[in-house]
Structure formats: structure tokens, C-alpha cells
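Be aware that the sequence shown starts at 6, since it is given in my numbering, and climbs by one per residue.
Note that beta-carbon positions come from the ideal geometry of N, C-alpha and C, so glycine has one too.
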Amino acid sequence: MVLSMDRWRGKVAIVTGASADIGAAIAKQLVEEGLHVVGLARRSERVEDLVKQLEGKKGKLYALKTDISKEKDILKAFKWVSDNLGPVHILINNAGIIQQTNLTEGDTEKWKKIFDTNVLGLCIATREAVKIMKAN
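What follows is the structure, encoded as C-alpha cells:
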């Protein structure tokens, strides 16, 4: 059985952590399948480079500078998407950070950065996406 992405063509997807590696690969594949993809990243210039590479593909990539550890950045990004592209159909929560630390001598500030990005930020993004999805 071959799975088709045809039903998603023209739909809106948000990919967090879209500036490199897995996030960039997911964003690229979704654009090639015909989706409108918003790549959220702290290093938006790397997403902008990917935007240029994907010109002329079935879909389109948009780069938004967003620090997923900051709620105001996330809310601003979702507002931009709703105002400019319409409702979100897909959310790929890919953003994440690693900090060198350990349990016995752990740096509390590093733990907070990890938690704010890897847990809280992704929960906020999910909350915002679900609100939009339920309304549409």
C-alpha cells in the first residue's frame, strides 16, 4: 500500500525547529508535497536559505524567527500564520535543545532552558494549534 499526501496539498503546516537536520528535512518534504509550511526557528536565516532552495516546488516555505522557549514569540507566530495563511492543519513539534549538565551537579539555569524549550514551548505550540484546529 502506498500512502499519498494528496489530501494535505494546499494545507498549512507549522514545523518548529525548522532551521536544521530533522526539522529542515520535514519542512522540505512537506513543501515538495504541496503544503504551505511555516518554519519556526531562532536561526531564521537558515530557514530563509531553505526557502530559496525550495522556490518553484509545489508548496511554499515561510520562515519566521521564533524562540520556542518564549510564549510571546509562539503566540506572535501563530497569529501571523492565521492572519496570512489561514488555519493550521499540521503541527510538527520538532524544536529541542541539549545542554551539557548532569543530575548531581546540574546547573538549574540550563535545566530551565531545556524545560522551557523541550517541554513548555512545545506544550504552548500544541495548545495554540489545537485551538485553531478545533475552531476550523
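Reduced DSSP secondary structure (H/G/I, E/B, other) of residue i
i, result
"L108", "coil"
"K63", "coil"
"I19", "strand"
"L125", "helix"
"I137", "helix"
"I103", "coil"
Whether residue i touches residue j by CB criterion (8 Å)
i, j, result
"R47", "K70", "yes"
"L55", "G44", "yes"
"L66", "V36", "yes"
"E133", "I73", "no"
"L96", "T131", "yes"
"T122", "K115", "no"
"N141", "I27", "no"
"K118", "I102", "yes"
"V93", "I31", "no"
"E53", "A68", "yes"
Assigned exposure category for residue i - 16 Cβ within 10 Å defines buried
i, result
"K33", "buried"
"S24", "buried"
"T21", "buried"
"G145", "Absent from the model: residue 145. The displayed extent of the chain is 6 to 141, so no value can be given."
"G126", "buried"
"F83", "buried"
Only counting runs of 4 or more residues, tell me where the alpha helix (DSSP H) segments fall wholly within the stretch 25 to 90, in order along the chain. As far as the stretch 25 to 90 is concerned, its whole alpha helix (DSSP H) runs of at least 4 residues are 26 to 37, 49 to 58 and 76 to 89.
Inter-stretch contact at 8 Å, needing at least 3 Cβ pairs: the stretch 10 to 25 / the stretch 35 to 45: Taking 8 Å as the limit for Cβ pairs, the verdict is that the stretch 35 to 45 does touch the stretch 10 to 25.
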